[in-house]
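To keep things clear, I will list the structure first and then write my remarks on it.
Protein chains in written order, with our numbering: chain A, 302 to 380; chain B, 515 to 760.
See the structure below:
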């Protein structure tokens with residue numbers, strides 16, 4: 302599984318949605334499943350999967366799936 | 515009671531924090547002990563590890579510095595990859611009257627006692643969310659509940675800890691993470707040694723059980739909150755004060 306697919310998988314698992322719903326256009330708070338509670342689970346899962354410790358600023362800035370990919374690049378995750 | 519669990523204790527080099535790491539290690543917890551004074555916990559950790567056959571790791575950082583907290587958690591993840599218990603104990607005391615409080619001191623006291631509690635909880639909660647369980651114990655104070663003349667800054671910061679605890683308990687309950695506070699009374703630590711003799715006597719006289727609390731008294735309460743015995747207890751502030759009245 303490449304990192305793009307891993308990221309999609311983490312989102313699907315953490316938000317409890319089907320993978321095909323994880324699109325670049327998916328935004329925080331745009332679906333009931335991605336609320337603030339799920340966001341914290343998502344951050345924990347990203348840290349675990351990619352061995353990172355995201356800055357609080359990046360946690361707040363992670364407003365979409367596309368943005369998440371950009372943020373993860375800052376931590377050396379290649380897509 | 516804590517066999518196999520990993521516990522981070524801040525301000526572990528003396529007083530209550532020191533008693534907490536000792537008690538937790540005696541009950542089988544692996545210890546991650548924090549102080550901001552480098553090397554101050556090396557010997558303690560080596561002894562705990564040898565005496566109780568548990569993991570014991572010093573991690574040096576200043577809880578009031580978010581960057582240092584983040585770096586410390588990167589180190590903690592390497593050590594344990596998990597965290598079961600956090601004891602936010604690091605604290606700074608201030609005994610100045612209202613008109614004598616310098617802004618730098620307000621920053622320092624709130625920085626360590628209140629802001630530091632938030633910074634450390636932020637990263638600890640992430641590790642606990644992953645496991646869908648955990649216990650966070652924040653050290654407040656009896657003066658955070660009732661106030662005290664000459665302790666506006668300190669009691670304010672400890673009152674903040676109570677608000678922080680109750681709010682975090684509500685936020686984290688759905689992840690099965692419990693957040694509670696302990697409000698110690700007059701405890702026999704270095705912190706009370708700076709008191710004037712008449713103040714000391716006045717406070718001692720207000721303790722209904724007629725003795726000073728010990729760091730061990732507080733550590734035993736922390737042990738209860740850290741253990742599964744308190745698995746349905748969250749958002750509480752438990753006084754460990756011998757019936758002290760302020």
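Note that the Cβ used here is the ideal one computed from N, Cα and C, for glycine as well. None of these values were measured; they are calculated from a predicted model.
My assumption, with CB atoms under 8 Å, is that residue i sits in contact with residue j. Please give the rounded CB distance.
| i | j | result |
| --- | --- | --- |
| residue 675 of chain B | residue 664 of chain B | Residue 675 of chain B to residue 664 of chain B, Cβ: 19 Å. No contact. |
| residue 341 of chain A | residue 650 of chain B | That pair is no contact at about 14 Å. |
| residue 732 of chain B | residue 701 of chain B | 6 Å |
| residue 756 of chain B | residue 725 of chain B | 7 Å |
| residue 703 of chain B | residue 610 of chain B | With 8 Å as the limit, residue 703 of chain B and residue 610 of chain B do not qualify as a contact, their Cβ atoms being about 19 Å apart. |
| residue 568 of chain B | residue 590 of chain B | Wrong, their Cβ atoms sit about 16 Å apart, outside the cutoff. |
| residue 526 of chain B | residue 544 of chain B | Actually they are not in contact, since the Cβ atoms of residue 526 of chain B and residue 544 of chain B sit about 13 Å apart, beyond 8 Å. |
| residue 760 of chain B | residue 656 of chain B | 6 Å |
| residue 680 of chain B | residue 747 of chain B | In fact, because the Cβ distance is near 13 Å, the residues do not count as touching under 8 Å. |
Quick check: is the beta carbon of residue i nearer than 8 Å to any beta carbon in chain B?
| i | result |
| --- | --- |
| residue 356 of chain A | yes |
Give the residues of chain A in contact with residue i, contact being defined as C-beta atoms less than 9 Å apart.
| i | result |
| --- | --- |
| residue 665 of chain B | Under the 9 Å cutoff, chain A gives no residues; its nearest Cβ is about 31 Å from residue 665 of chain B. |
| residue 575 of chain B | Under the 9 Å cutoff, chain A gives no residues; its nearest Cβ is about 13 Å from residue 575 of chain B. |
Using a Cβ-Cβ distance cut-off of 8 Å, determine whether residue i contacts chain A.
| i | result |
| --- | --- |
| residue 582 of chain B | no |
| residue 629 of chain B | no |
| residue 688 of chain B | yes |
| residue 591 of chain B | yes |
| residue 761 of chain B | Since the first residue of chain B shown is 515 and the last is 760, residue 761 of chain B is not available in this structure. |
Among all the DSSP beta bridges, which residues are the ones paired with residue i?
| i | result |
| --- | --- |
| residue 365 of chain A | A:328 |
| residue 318 of chain A | DSSP output for residue 318 of chain A lists no bridge partner at all. |
| residue 727 of chain B | B:701 |
| residue 572 of chain B | B:547 |
| residue 668 of chain B | Answer is none; residue 668 of chain B lacks a bridge partner. |
| residue 753 of chain B | B:697 |
| residue 520 of chain B | B:544 |
| residue 648 of chain B | B:691 |
| residue 600 of chain B | B:522, B:650 |
Quick one: which chain A residues come within Cβ less than 8 Å of residue i?
| i | result |
| --- | --- |
| residue 587 of chain B | 354 |
Cβ closer than 7 Å: which chain A residues qualify as neighbours of residue i?
| i | result |
| --- | --- |
| residue 636 of chain B | 357 |
Anything in the stretch 321–351 of chain A with a Cβ closer than 9 Å to a Cβ of chain B? List those residues in chain order, please. 337, 338, 341, 342, 344, 345, 346, 348, 349
For the stretch 517–546 of chain B, list every residue whose C-beta sits within 7 Å of some C-beta in chain A, in sequence order. For the stretch 517–546 of chain B, there are no residues whose beta carbon sits under 7 Å from a beta carbon of chain A.
Using a Cβ-Cβ cut-off of less than 7 Å, list which residues of the stretch 644–676 of chain B approach chain A; keep chain order. Taking 7 Å as the Cβ-Cβ cut-off against chain A, the residues of the stretch 644–676 of chain B that qualify are 644.
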